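Numbering of the sequence shown is given in our numbering, commencing with residue 93 and proceeding in unit increments.
The structure appears right after this line, and notes come after that.
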Amino acid sequence: MSNEMDSPSHGINVVSWLDEPATISRIKNLMNDFHVPGLAVAIVDGSEIRYRAFGNASLDPQTPCTPDTIFDIASCSKALTSLAVALLVENEHEFSTKVQWGSLMSSLLPDDFVLSTAEATNVVMVEDVLSHRTGLPSHDLSILSIESKHPDTVRSITRNLRHLALSKEPKTTYRYSNMMYTVATHLIETLSQQAFSHFLHERTLGPLGMTSTFTGSA
Numbered sequence: 093m094s095n096e097m098d099s100p101s102h103g104i105n106v107v108s109w110l111d112e113p114a115t116i117s118r119i120k121n122l123m124n125d126f127h128v129p130g131l132a133v134a135i136v137d138g139s140e141i142r143y144r145a146f147g148n149a150s151l152d153p154q155t156p157c158t159p160d161t162i163f164d165i166a167s168c169s170k171a172l173t174s175l176a177v178a179l180l181v182e183n184e185h186e187f188s189t190k191v192q193w194g195s196l197m198s199s200l201l202p203d204d205f206v207l208s209t210a211e212a213t214n215v216v217m218v219e220d221v222l223s224h225r226t227g228l229p230s231h232d233l234s235i236l237s238i239e240s241k242h243p244d245t246v247r248s249i250t251r252n253l254r255h256l257a258l259s260k261e262p263k264t265t266y267r268y269s270n271m272m273y274t275v276a277t278h279l280i281e282t283l284s285q286q287a288f289s290h291f292l293h294e295r296t297l298g299p300l301g302m303t304s305t306f307t308g309s310a
């Protein structure tokens, strides 16, 4: 980016950067360049928060974007899924099945977590699933979405792994996988005996006061 968007110098109030005309102008120019209809920006510095909304949340009917506009956070939700698994690890005494980062997925979900080869099935751990180290490529087109007549569930997606080819051996390379985070969701629901949305709200969103954050099923 050009110098007009450089971070504020040491000693300058960081949050005030969002009020600078050059910053506002640059954001609007980027929105125009990338055809972004609307967005909201927040800067957090300790307990001080500055936020500003730009453009529209809807074009038809035209609805201005505000700091209270709800956005789909898409794959940013993976951070919350990882946090939920971390809570399973930290509070393992609460659950009948103990889980650690190095626990084998095939031991935690013996009937469901089966990969296309026995060798892969027997080495993939919890940390591999969350670190995109299972060797499974995207395979997203194999999923029956919620718009389908018979949509997949987190369990059926997990059980379908046995039919999907790996592109690399586990633990040898990074292969981004949305499906493996669905597997992590299935793990959370199985061990906690709660719906993922309830587990997340009870242990994360609620305690943090994140009243404007919810899952699609909430």
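In this text, a Cβ means the ideal position worked out from N, Cα and C, and glycines have one as well.
Bear in mind that the values here come from a model prediction, so they are computed numbers and not experimental data.
- Going by DSSP, TYR273 is part of no beta strand (DSSP E) but of the alpha helix (DSSP H) stretching over 270-284.
- With fewer than 16 neighbouring CB atoms inside 10 Å of its own CB, ASP111 falls in the exposed class.
- One alpha carbon belongs to SER108, the other to ALA145, and they sit about 15 angstroms apart.
- Secondary structure of MET217 (DSSP, three-state): strand.
- Secondary structure note for ASP137: its beta strand (DSSP E) is the uninterrupted segment 130-137.
- Residue pairing by DSSP places THR155 opposite SER150 in a beta bridge.
- Assignment of beta-bridge partners to ALA145 by DSSP yields ALA132.
- Membership of THR115 in the alpha helix (DSSP H) is indicated by the continuous run 113-125.
- Taking PRO262 as reference, the option from SER304, ILE238, ASN214 with the minimal CA-CA separation is ASN214.
- Inter-segment contact for the region 196-212 and the region 137-152 is absent: fewer than three beta-carbon pairs are separated by less than 8 angstroms.
- Annotation: the continuous alpha helix (DSSP H) that includes LEU180 extends over 169-182.
- The distance from the Cβ of HIS224 to that of ARG267 is about 6 angstroms, consistent with a contact at the 8 angstroms cut-off.
- In this structure, the alpha-carbon of VAL191 lies about 34 angstroms from that of GLY138.
- Residues of the same chain with their beta carbon placed closer than 6 angstroms to that of HIS127 are lacking, with the five preceding and five following residues left out of the count.
- Every alpha helix (DSSP H) of 4 residues or more that sits fully in the region 195-248 is shown, in chain order, as 197-200, 210-213, 218-222.
- Assigned with DSSP and collapsed to three states, GLU261 falls in coil, not helix or strand.
- Restricting attention to ASN148, LYS170, ALA166, ARG247, the CA atom closest to the CA of ASP160 is found in ASN148.
- The residue among TYR273, VAL221, ASN252, SER284 with its C-alpha nearest the C-alpha of LEU179 is SER284.
- Within its own chain, the residues whose Cβ lies closer than 6 angstroms to the Cβ of THR307, once the five positions on either side in sequence are excluded, are SER289, listed in chain order.
- In this structure the region 224-239 lies against the region 270-280, because at least three pairs of beta carbons, one per stretch, are closer than 8 angstroms.
- The closest CA to that of ILE165, considering only ASN183, ALA132, PHE187, is found on ALA132.
- For a cut-off of 8 angstroms, the C-beta gap from LEU207 to LEU279 is around 15 angstroms, too long to register as a contact.
- Taking 8 angstroms as the upper bound for CB-CB distance, PHE291 and THR250 are not in contact here, some 17 angstroms apart.
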